[in-house]
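There are 2 protein chains.
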Amino acid sequence: MGKPGTSERPTLTSDAGFLLARAGGKAIRSLNRALEPYRLRSRHYTVLMAVSERGGLSQRELGELLGIDPSAVVALIDDLSAAGFVRRDPHPEDRRTRLVMLTDAGRDAFTQATELAARMEDDLLAPLTPEERGTLVDLLRRITR
Amino acid sequence: MGKPGTSERPTLTSDAGFLLARAGGKAIRSLNRALEPYRLRSRHYTVLMAVSERGGLSQRELGELLGIDPSAVVALIDDLSAAGFVRRDPHPEDRRTRLVMLTDAGRDAFTQATELAARMEDDLLAPLTPEERGTLVDLLRRITR
DNA sequence: TATTGTTATACTCTATAACTATA
DNA sequence: TATAGTTATAGAGTATAACAATA
Numbered sequence: 001m002g003k004p005g006t007s008e009r010p011t012l013t014s015d016a017g018f019l020l021a022r023a024g025g026k027a028i029r030s031l032n033r034a035l036e037p038y039r040l041r042s043r044h045y046t047v048l049m050a051v052s053e054r055g056g057l058s059q060r061e062l063g064e065l066l067g068i069d070p071s072a073v074v075a076l077i078d079d080l081s082a083a084g085f086v087r088r089d090p091h092p093e094d095r096r097t098r099l100v101m102l103t104d105a106g107r108d109a110f111t112q113a114t115e116l117a118a119r120m121e122d123d124l125l126a127p128l129t130p131e132e133r134g135t136l137v138d139l140l141r142r143i144t145r
Numbered sequence: 001m002g003k004p005g006t007s008e009r010p011t012l013t014s015d016a017g018f019l020l021a022r023a024g025g026k027a028i029r030s031l032n033r034a035l036e037p038y039r040l041r042s043r044h045y046t047v048l049m050a051v052s053e054r055g056g057l058s059q060r061e062l063g064e065l066l067g068i069d070p071s072a073v074v075a076l077i078d079d080l081s082a083a084g085f086v087r088r089d090p091h092p093e094d095r096r097t098r099l100v101m102l103t104d105a106g107r108d109a110f111t112q113a114t115e116l117a118a119r120m121e122d123d124l125l126a127p128l129t130p131e132e133r134g135t136l137v138d139l140l141r142r143i144t145r
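Going line by line, the protein sequences match chains X and Y. The numbers in the UniProt record's numbering rise by one with no breaks, and the one at position 16 of the first sequence is 16. The numbers in the UniProt record's numbering rise by one with no breaks, and the one at position 66 of the second sequence is 66.
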């Protein structure tokens, strides 16, 4: 039986950590493949998603929101900026801070990338019913906060 | 409303791919931290788990089962072999193949590592009820096959 | 003193190609 | 010819420390 929480012997099909890592890796790889035409990778896509959702974030806020190291944020914004998808605007009150803004081209690219991402997510979640997909998202959201 | 499968606009709290990648990364990082005393990383742990579950696998089978590239399997088995946790036994009928066997020391290490892993998994899944944990494992298993 | 962004760096992970020894 | 394991290597991801400008 065992006390609650101390499982007897983990197996490949019962270990939540392994299954999470495996599913996460699969999601990243398929998204990377889907975004190849745009010369973007999944990290870039999540940045566009964040900036699209809440424009005018500082790089620090962006990194915190996405769980990305500040030094990695620099490189990502460099890429997106070179592609013309985001701008670094000065913060009106703090000259250290730079606010990341989505450009019109960035909004277009994100809209198109969203189509591809949705199709790949549909593929990934194909074995699940719509209700189960909602359940999965809810459970994942609750363990990643 | 929109057709099923084509979601309107993905957000950071609704995108299954992002949430999966985030949760997977979190699981890997906490397991790595938990295994530090054993000088093992999460990949080593999953190999031990696989070999413990189904002893005598070839390296190719191991890689396939775990979704690890054959060249990476070599390095992992090198590490575990140097630590005395697994052996490479000759295949009785095919001299190309090497069967990976768990040693007694490997079984002990895995048993102890399992304790740490269970505690970290318990931490990770703390926000979920036991029933929800089961649901999560079931959903993940079905999308990673 | 502390914080934002940046650079440099290192280590892990992932993936590919080429080689060897066997089949 | 094809396969199992191996080596070498390169690219991406992750993390740390140190620095300049600013607060």
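Cβ coordinates follow ideal geometry from the N, Cα and C atoms, glycine included.
Quick check on DSSP: helix, strand or coil for R54(Y)?
Against the second sequence, residue 54(Y) aligns to sequence position 54. In this structure, R54(Y) counts as coil in the three-state DSSP scheme.
Looking at chain X, which residues of the region 18-29 of chain Y have a Cβ within less than 9 Å of any of its Cβ atoms?
Listed in sequence order: F18, L19, L20, A21, R22, A23, G24, G25, K26, A27, I28.
Can you check whether the C-beta of P4(X) is within less than 8 Å of a C-beta belonging to chain Y?
Looking up residue 4(X) in the first sequence gives position 4. Bear in mind that a pLDDT of 45 at P4(X), under 50, signals an unreliable position, so the number given afterwards is only what the model happens to contain. The beta carbon of P4(X) falls within 8 Å of a beta carbon belonging to chain Y, placing the residue at that interface.
Using a Cβ-Cβ distance cut-off of 8 Å, determine whether A117(X) contacts chain Y.
For this step, residue 117(X) is matched to residue 117 along the first sequence. For A117(X), the answer is yes, since a Cβ of chain Y falls inside 8 Å of its Cβ.
Could you spell out where the beta strand (DSSP E) holding D79(Y) opens and where it closes?
The residue you call residue 79(Y) lines up with position 79 of the second sequence. Where D79(Y) is concerned, there is no enclosing beta strand (DSSP E), although the alpha helix (DSSP H) it sits in stretches over 70-82.
Where the alpha helix (DSSP H) through R142(X) begins and ends:
As a working note, residue 142(X) is residue 142 in the first sequence. That run of the alpha helix (DSSP H) goes 130-143.
Measure how close the beta-carbons of T28(X) and A23(Y) come, nearest whole angstrom, since I'm counting them as under 8 Å.
Translated into the one-based positions of the first sequence, residue 28(X) becomes position 28. Translated into the one-based positions of the second sequence, residue 23(Y) becomes position 23. In the sequence as displayed, the identity of residue 28(X) is Ile instead of Thr. Actually they do not touch by this definition, with Cβ atoms about 12 Å apart.
For Q59(X), is the classification buried or exposed, using 16 other Cβ atoms within 10 angstroms of its Cβ as the cut-off for buried?
Here residue 59(X) is taken as the residue at index 59 of the first sequence, counted from 1. Result: buried.
Residues that residue 149(X) contacts on chain Y, provided the C-beta gap is smaller than 8 Å
This structure does not reach residue 149(X), given that chain X is present from 1 up to 145, and the question cannot be answered.
Can you check which of these residues, L31(X), G56(X), G55(X), R54(X), is closest to Y45(X) by C-alpha distance?
Residue numbering aside, residue 45(X) sits at position 45 when the first sequence is read from its first letter. For Y45(X), the nearest C-alpha among the options comes from L31(X).
8 Å is my cut-off, CB to CB: does Y58(X) come that close to chain Y?
Here residue 58(X) is taken as the residue at index 58 of the first sequence, counted from 1. For clarity, residue 58(X) is Ser in the given sequence; the question names Tyr instead. Not one chain Y Cβ lies under 8 Å of S58(X).
Does the region 70-84 of chain Y come close enough to the region 33-40 of chain X that 3 or more CB-CB pairs lie under 8 Å?
no
One or two residues paired with D123(Y) in a DSSP bridge
In the second sequence, counting from the first residue as 1, residue 123(Y) sits at position 123. In DSSP, D123(Y) forms no bridge with anything.
Please confirm if T144(X) has its CB atom under 8 Å from at least one CB of chain Y.
What you label residue 144(X) is simply residue 144 of the first sequence in a count that begins at 1. Yes, T144(X) counts as interfacial toward chain Y.
CB residue 211(Y) to CB G25(X), shorter than 8 Å?
Outside the modelled stretch of chain Y, which goes from 1 to 145, sits residue 211(Y), for which no answer is possible.
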